[in-house]
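Since the structure comes first, as structure tokens, the remarks are kept for the end.
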Amino acid sequence: MLGPTVRDHAIVFDELEGPEALPVGWSDAQGPGRYRLSEGQDGRVFEGYVVGPDSLKQALFPARDVLYQAERRPDGKVGFAPVPADPPDRAFLGVRACDLAAAEIQDRTFEHGPHAEPRYRARREGAFLVAVNCTEPGDLCFCASTKTGPRVTEGADLVLTEREDGFLVEAGTEAGREVLDAMPTEATDDSDAEWLDEAMAAAETKMGREMNTEGLPELLFGRLDHPRWDEVADRCLACGNCTNVCPTCFCSTTEEDTALGPDGAHVRLWDSCFTQGHAEIHGGGFRPEIRQRYRQWLTHKVGAWVSQFGTSGCVGCGRCIAWCPVGIDLTEEIAALREGEGEAPMPSPPAYAEAEDDDLTPRPAEVVAVSRESDDTVTLHVKVDHVERYRPGQFCQLSLPGIGEAPISISGLTRLGQGAAVEHTVRAVGGVTRALCALQPGDELGLRGPYGQPWPLDEVAGGPVLVVAGGIGLAPLRGALRAMLDRPDRYPEVHLFYGARSPDDALFVREMLGWLEEPSFHLHATVDHATPSWRGHVGVVTRLLAQDLVPEGARALICGPEVMMRFTIEALEGLGVEDDRIWVTMERHMKCATGFCGRCQYGPWFVCKDGPVFRFDRIRMLFGKEGY
Amino acid sequence: MGETRPRLGVFKLASCDGCQLQVLSLEDELLALTDAVELAFFAEATSRADDGGAFDVTLVEGSISAPWQAEHIREIRERSKFLITIGACATAGGIQALRNWRDVDEFVRTVYASPEYIDTLETSTPVSAHVPVDFELRGCPIDKGQLLELVTALLVGRKPAIRDESVCMQCKRDGNVCVMVARGEPCLGPVTHAGCGALCPSYDRGCYGCFGPRERAHTSSLAGWFQKEGMARGELVRRFRGFTGWAPAFREESESHE
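So the protein lines, in turn, are chains A and B. Everything in the first sequence is counted per the working numbering, starting at 1 for the first residue and increasing by one. Everything in the second sequence is counted per the working numbering, starting at 629 for the first residue and increasing by one.
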């Protein structure tokens with residue numbers, strides 16, 4: 001049994017050895033950046049204090065979780081063994097309404113997307129929850145504003161309300177009813193029910209803070225340049241305390257825990273959008289400034305969360321105010337941001353098919369062939385079952401034991417006798433990709449996926465299609481090109497606009513020459529730096545997009561560096577291609593690929609599950625905006 | 629492995645040897661380490677003389693505080709493929725960098741009976757102020773787990789899991805109650821590079837910043853909070869002027885309160 005107990009000058013949530021471990025008579029005083037505990041004289045068990053730094057999160061989504069054990073054998077074979085949670089059944093005593101609401105919000109992240117996290121689910125299912133109604137909210141509480149308390153309305157097995165003469169107990173579930181039936185109780189009557197209603201109504205008026213939540217997503221995303229962001233950045237330490245104590249924050253990172261070799265554990269750790277690594281990809285980070293990190297956190301917590309999960313991420317518990325070392329108070333920040341102008345329309349939550357279990361463990365897959373594409377780029381042909389599941393535009397997580405995982409787009413599919421292979425074109429830029437590029441036929445790698453949304457090949461059928469690719473951006477589009485060139489009846493006119501650094505860096509040249517045999521295919525290529533033998537265009541790819549090459553009614557698929565995509569979109573719009581006829585593929589830091597780790601968030605979207613292919617009108621609100 | 633084992637060199641400059649001791653205190657992994665790499669030079673651990681050859685990986689402890697060290701580090705750099713500086717002295721100048729705010733000649737005259745034998749520089753500076761460094765491993769002393777991770781990452785070919793984040797991240801993952809919020813104990817954790825395992829807060833003390841500033845160390849906001857809570861200016865200077873006081877973020881903060 002876990003419950004509130006005094007440790008290190010705070011009331012934490014810990015194993016309870018017995019009733020004497022409960023903080024009977026203790027009370028807390030909380031303010032911004034301040035939490036003080038005192039031992040009082042009265043015998044109250046729960047009502048002298050409200051929430052401390054801990055919540056159910058520590059137990060259901062622990063700060064450190066081993067996801068799998070990996071090994072790489074000398075013969076190039078790999079092994080991955082998932083590590084399940086295997087939790088004991090646990091009872092949690094003294095859970096507040098805000099924390100029950102928070103657990104329900106975390107369920108949406110870990111159980112109700114396209115993927116479900118089995119470790120979280122097992123811990124959640126094994127939890128027996130004894131909740132407490134708060135009749136004495138604290139100075140930092142505002143659950144009445146967020147409508148997540150102070151009264152427990154659902155999610156608990158038993159609900160206690162502390163009174164001078166004992167506890168009122170309600171059973172919320174069948175399991176709770178069984179426990180209640182086994183306890184010595186006295187029957188209640190209408191006066192008890194009236195007392196409870198009055199006590200809870202009174203509690204609503206005792207909140208130390210309030211926050212107007214009306215229209216927050218639209219308001220915040222409409223005010224991304226509000227001067228308040230600079231003002232709060234003058235105080236914010238970007239230390240991550242707020243996100244760690246927040247009972248709904250779910251961001252995580254992973255690392256390889258091995259000693260002097262490749263074999264060992266793949267570990268998940270709590271991370272925070274306030275760390276540098278959170279939004280970092282090879283070549284740089286998306287949120288270098290503290291201002292951008294605080295804005296990301298707040299616009300997500302009470303803004304984008306609504307578009308992602310159909311609920312705000314704030315339950316009004318006040319932890320982020322108390323445990324901020326410099327006392328930043330989000331209710332004050334929100335109030336200040338309300339002073340201003342601007343509102344942006346926000347999307348509704350996407351509908352996902354029923355969640356499939358994903359324990360995040362790769363499966364061994366054989367590299368059957370390796371094609372060298374350029375000095376630093378190879379295509380791995382990886383043998384798979386059910387090749388029909390892999391669609392152009394989606395990606396897989398490729399991994400090697402002890403080195404790590406990298407999201408790599410699907411660059412094509414090949415038939416192999418009885419089976420099939422999925423192709424991944426990899427450029428060696430970091431540890432994982434260098435190791436992937438060094439693989440030989442017969443070696444194995446770890447494979448997870450496919451993940452994400454594919455190119456909309458049905459939607460673009462029937463009319464002319466423009467494919468615009470920069471550099472290695474051609475890789476995610478190759479599968480789409482092959483599919484379209486195979487069906488000239490559906491795709492009568494396909495134009496490829498391709499820009500590479502130099503002729504030597506151009507990908508798939510031999511295959512491209514073959515495509516030129518197809519009457520439906522039209523190639524427009526350019527390079528940044530010509531070689532003496534190059535006879536084609538020199539310059540950026542957007543300069544190829546001239547009026548006479550963009551047919552009436554064309555739809556466009558674009559992949560390349562973000563700046564290249566921006567100029568391409570501007571050029572296309574200038575030529576009359578509306579933004580709902582343009583699709584782009586976005587790159588953000590994707591660690592888990594399943595929507596659990598939070599790192600690839602892009603405002604209201606997750607690049608891993610809502611993208612990486614997006615119709616441009618949907619992401620236009622944020623495209624090119626610094627800090628996202 | 630045999631012939632192909634990478635050659636490791638361990639050198640020291642102005643320092644207390646504590647970081648080298650962390651290598652030796654890798655007890656359980658030490659034999660595996662010597663299997664994986666060739667200990668080509670490590671004066672504190674072996675009697676093997678320097679053969680003058682090149683190193684695949686070199687660990688350097690200590691700051692540059694004497695003219696010979698400034699020469700020596702150039703030679704080490706030339707012989708090293710991957711140069712790692714270890715500890716607060718090598719990465720920030722160390723506690724001996726306190727001299728950088730004082731008159732060194734006066735110290736020499738006061739402390740030593742025969743000052744003419746002393747050949748020292750005016751300042752103690754990190755190795756990176758003299759030669760390019762490939763990786764800086766922080767701490768006073770370094771954390772042996774981080775050292776093992778760094779060596780493993782180099783051997784296996786992965787990015788080392790050494791995160792540039794606040795000490796607070798570690799405290800929260802470990803379930804430590806914040807000493808600053810719950811007791812008013814001043815703590816440099818929010819602006820300090822993690823890696824120590826949140827050692828001081830785990831023992832109910834505030835962090836004193838021995839791993840040096842993290843990226844985006846927002847020292848002015850933290851110092852402002854200390855001041856609001858009643859910390860005097862002299863104490864503020866001392867807080868930021870410890871084992872890594874010469875690291876730019878801490879140095880600028882302490883100087884702004886003088």
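Here a beta-carbon is modelled for each residue, glycine too, at the ideal position from N, C-alpha and C.
Per DSSP, what kind of secondary structure is residue i in: helix, strand or coil?
i	result
B:ALA673	coil
B:GLY785	coil
A:ARG599	coil
A:ALA81	strand
A:PHE629	Missing from the structure shown is residue 629 of chain A; chain A here goes from 1 to 628 and no further.
B:MET629	Any reading at B:MET629 must be qualified, since the residue scores a pLDDT of 41, below 50, and its modelled position is unreliable; no value is offered.
B:GLY873	coil
A:TRP195	helix
B:ALA829	Here residue 829 of chain B is Pro; the residue named in the question, Ala, does not match the sequence. DSSP places B:PRO829 in helix when its eight states are reduced to three.
A:THR433	helix
B:SER708	strand
A:ASP89	coil
A:GLU218	helix
A:GLY318	coil
A:THR213	coil
A:GLU17	coil
A:GLY419	strand
A:GLY284	strand
B:GLU666	strand
B:GLY637	strand
A:ALA279	helix
Tell me, to the nearest whole angstrom, how far the beta carbon of residue i is from that of residue j; I am working on the premise that it is less than 8 angstroms.
i	j	result
A:GLU256	A:GLY264	6 angstroms
A:TYR35	B:ALA810	5 angstroms
A:VAL302	A:THR148	Wrong, their Cβ atoms sit about 12 angstroms apart, outside the cutoff.
A:SER145	A:MET200	Actually they are not in contact, since the Cβ atoms of A:SER145 and A:MET200 sit about 15 angstroms apart, beyond 8 angstroms.
A:PRO362	A:PHE80	5 angstroms
A:THR526	A:LEU545	Actually they do not touch by this definition, with Cβ atoms about 11 angstroms apart.
A:LEU445	A:ALA365	6 angstroms
A:GLN296	A:CYS273	5 angstroms
What residues are listed by DSSP as bridge partners for residue i?
i	result
A:CYS396	A:ILE408
A:TRP347	First, the amino acid is wrong: residue 347 of chain A is Pro here, not Trp. Bridge partners of A:PRO347: none, in fact.
B:SER691	B:ALA642
A:ALA171	A:LEU158
A:LEU523	A:LEU496
A:GLY33	Note: A:GLY33 sits in no beta bridge, so no partner.
A:SER371	A:THR379
A:ALA556	A:LEU466 and A:ILE582
A:SER252	A:TRP270
A:THR5	A:VAL12
A:SER27	A:SER38
A:VAL384	A:ALA420
A:GLY264	A:ALA70 and A:THR258
A:ALA365	A:LEU445
Could you tell me the boundaries of the alpha helix (DSSP H) in which residue i lies?
i	result
A:SER307	305–309
B:VAL809	807–811
A:THR299	290–299
B:VAL625	There is simply no residue 625 of chain B to check, as chain B begins at 629 and stops at 886 in what is shown.
Compare the C-alpha of residue i against each of the options and name the closest.
i	options	result
A:PRO82	A:ARG73, A:CYS98, A:ALA97 and A:ASP65	A:ASP65
A:MET484	A:GLY449, A:PHE521 and A:ARG291	A:PHE521
A:GLY240	B:ALA851, B:GLY722, B:ALA845 and B:TRP696	B:ALA845
A:GLU587	A:ASP580, A:GLY574 and A:GLY560	A:GLY560
A:ASP554	A:HIS529, A:GLY576, A:ARG268 and A:LEU360	The sequence shown places Ala at residue 554 of chain A, rather than the Asp named in the question. Of the listed residues, the one whose Cα sits closest to A:ALA554 is A:GLY576.
A:ALA59	A:PRO392, A:ARG501 and A:ASP14	A:ASP14
A:SER341	A:GLU218, A:PHE596, A:PHE623 and A:THR205	The amino acid occupying residue 341 of chain A in the given sequence is Glu; Ser does not appear at that position. Of the candidates A:GLU218, A:PHE596, A:PHE623 and A:THR205, the one whose C-alpha sits nearest the C-alpha of A:GLU341 is A:GLU218.
B:VAL665	B:LEU687, B:VAL805, B:GLY767 and B:SER675	B:LEU687
A:ALA29	A:ASP139, A:ARG434, A:ALA238 and A:ALA91	A:ASP139
A:ASP181	A:THR135, A:ARG7 and A:ASP157	A:ASP157
A:LEU298	A:THR161, A:CYS242 and A:PRO288	A:CYS242
Starting from residue i, follow the beta strand (DSSP E) in both directions and report where the run begins and ends.
i	result
A:ASP65	64–72
A:ARG448	444–451
Check whether the Cβ of residue i lies closer than 7 angstroms to any heavy atom of the ligand FAD, and answer yes or no.
i	result
A:ARG618	The model on display carries no ligand, and the ligand FAD is accordingly not part of it.
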